[in-house]
Amino acid sequence: MLTVMVVAGLALVTGAVIGWLLAAPRAHRAEVARAVAETRVEEIERARASIADTFLAEAQRAFQHVGESLVQMSKTQIDGSLDTKRAEIETMLTPVREMLDQYRNELVKSERVRNEAYGGLQQQILGLMSIQQSAQREASRLANALQSPAVRGSWGENSLKRCVELAGMSEFCDFDTQETFWNEEGRRLRPDLIIRLPNNRVIAVDAKVPLTEFQAAANEIDENRKRDLLQAHAKTLRRHIDTLSRREYQSAIGQTLDFTVMFLPGEHFL
Numbered sequence: 019m020l021t022v023m024v025v026a027g028l029a030l031v032t033g034a035v036i037g038w039l040l041a042a043p044r045a046h047r048a049e050v051a052r053a054v055a056e057t058r059v060e061e062i063e064r065a066r067a068s069i070a071d072t073f074l075a076e077a078q079r080a081f082q083h084v085g086e087s088l089v090q091m092s093k094t095q096i097d098g099s100l101d102t103k104r105a106e107i108e109t110m111l112t113p114v115r116e117m118l119d120q121y122r123n124e125l126v127k128s129e130r131v132r133n134e135a136y137g138g139l140q141q142q143i144l145g146l147m148s149i150q151q152s153a154q155r156e157a158s159r160l161a162n163a164l165q166s167p168a169v170r171g172s173w174g175e176n177s178l179k180r181c182v183e184l185a186g187m188s189e190f191c192d193f194d195t196q197e198t199f200w201n202e203e204g205r206r207l208r209p210d211l212i213i214r215l216p217n218n219r220v221i222a223v224d225a226k227v228p229l230t231e232f233q234a235a236a237n238e239i240d241e242n243r244k245r246d247l248l249q250a251h252a253k254t255l256r257r258h259i260d261t262l263s264r265r266e267y268q269s270a271i272g273q274t275l276d277f278t279v280m281f282l283p284g285e286h287f288l
């Protein structure tokens, strides 16, 4: 529109100049023609510059609009593509997320069960440690107490009595304890226990606890020393057997069998 108006203006100016030239004197015609030409050139240059500026501005606005449109279109396409990809990724990750949630729940449950089990196990260990410490104290007290011959003798007698009771025998019916007899020489004999058999037959039983060498051997680390202590323990057992043999309970009690039983409160003493 602006270009048409400029061209129309130039046509009017040109027509007026031509009319004036036809009426002007010939002497000034060349000078006037040159001036008109220069004016026309200047007008054309100004018009061309104006047209160029206008075209450049319009082109810039058009390019800017096109660029903004392309950016908006690209953004819309990218956003749509991102939404689609996001939906696809969400669909792919849903089973993984569910599996991870299940794994986390199982892990929490397992940790809770482990803590509960560990707490119970710890309590059991503490209980066992307490029992062990108590047993060690009792064993220590028993070992110290058994250093006394009187205590060892009492322990052997009680073990003997408990053994025959576990066998189903009853005191004063099947057996008697600490009953006193006299031999032909007037010497008092008192076996720890006599077992009554049918036909008024009896068996004399004496309890012995040869603990000194045996305990020392159990606590000994050196093998040679341990062997010597066990040999000494065997000799002690032999002396007890010889002593019981010389007492001759069968002659003092009467109706007894021709042997005497030596009771040991544990097969480990043999």
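The opening residue of the sequence shown carries number 19 in the numbering used here; numbering runs sequentially from there.
For every residue, glycine included, the Cβ atom is placed at its ideal position computed from N, Cα and C.
Nothing here was measured: the structure is a model prediction, and the numbers come from that model.
Can you grab the Cα-Cα spacing for the pair Gln141 / Ala135, in whole Å? Here residue 141 corresponds to residue number 123 of the sequence shown, with the count starting at 1. Here residue 135 corresponds to residue number 117 of the sequence shown, with the count starting at 1. About 10 angstroms.
I need the straight-line Cα distance from Leu139 to Asp119, nearest angstrom please. As a working mapping, residue 139 is identified with position 121 in the sequence shown. As a working mapping, residue 119 is identified with position 101 in the sequence shown. Each residue's Cα considered, the two are about 29 angstroms apart.
Note the first and the last residue of the continuous alpha helix (DSSP H) segment covering Thr254. To locate residue 254, count along the sequence shown from 1; it is residue 236. 241–265 is the span of the alpha helix (DSSP H), which, as asked, contains Thr254.
Ala222 - partner residues in DSSP beta bridges: If you number the sequence shown from 1, residue 222 lands on position 204. In DSSP, Ala222 forms a bridge with Ile212, Thr278.
Local conformation of Phe190 per DSSP, three classes: Position 172 of the sequence shown, counted from the first residue, corresponds to residue 190. In the structure shown, Phe190 sits in coil (DSSP, three-state: anything other than H, G, I, E or B).
Quick check on His251: buried or exposed, where buried means 16 or more other Cβ atoms within 10 Å of its Cβ? Sequence index remark: in the sequence shown, residue 251 carries index 233 (1-based). By the beta-carbon neighbour count (other beta carbons within 10 angstroms, threshold 16), His251 is buried.
Length of the line joining the Cα atoms of Val169 and Ala163: The residue given as residue 169 occupies position 151 in the sequence shown. The residue given as residue 163 occupies position 145 in the sequence shown. Between Val169 and Ala163, the C-alpha separation is close to 6 angstroms.
Classify Lys226 as buried or exposed, calling it buried when 16 or more other Cβ atoms lie within 10 Å of its own Cβ. For the purposes of this step, residue 226 is taken as the residue at position 208 of the sequence shown. Classification for Lys226: buried.
DSSP-derived helix/strand/coil call for Thr195: Position 177 of the sequence shown, counting from 1, holds the residue named residue 195. Strand, per DSSP.
Beta carbon of Leu207 nearer than 8 angstroms to that of Lys179: The residue labelled residue 207 in the question sits at position 189 within the sequence shown. The residue labelled residue 179 in the question sits at position 161 within the sequence shown. No, Cβ-Cβ distance for Leu207 and Lys179 is not below 8 angstroms.
Look at the alpha carbon of Gln154 and the alpha carbon of Ala270, and state the distance between them as a whole number of angstroms. Here residue 154 refers to the residue found at position 136 of the sequence shown. Here residue 270 refers to the residue found at position 252 of the sequence shown. If you take the alpha carbons of Gln154 and Ala270, they lie about 44 angstroms apart.
Could you give the residue range of the alpha helix (DSSP H) that holds Ala9? There is simply no residue 9 to check, as the chain begins at 19 and stops at 288 in what is shown.
Does the beta-carbon of Leu262 have 16 or more other beta-carbons within 10 angstroms, so that it is buried, or is it exposed? Residue mapping note: residue 262 aligns to position 244 of the sequence shown, counting from 1. With 16 or more Cβ atoms within 10 Å of its Cβ, Leu262 is classed as buried.
Neighbourhood of Phe193 by C-beta, 7 angstroms cutoff - its chain only, sequence neighbours within 5 removed: Within the sequence shown, numbered from 1, the residue matching residue 193 stands at position 175. Excluding positions up to five away in sequence, the list reads Val182, Met187, Leu211, Ile212, Ile213, Arg214.
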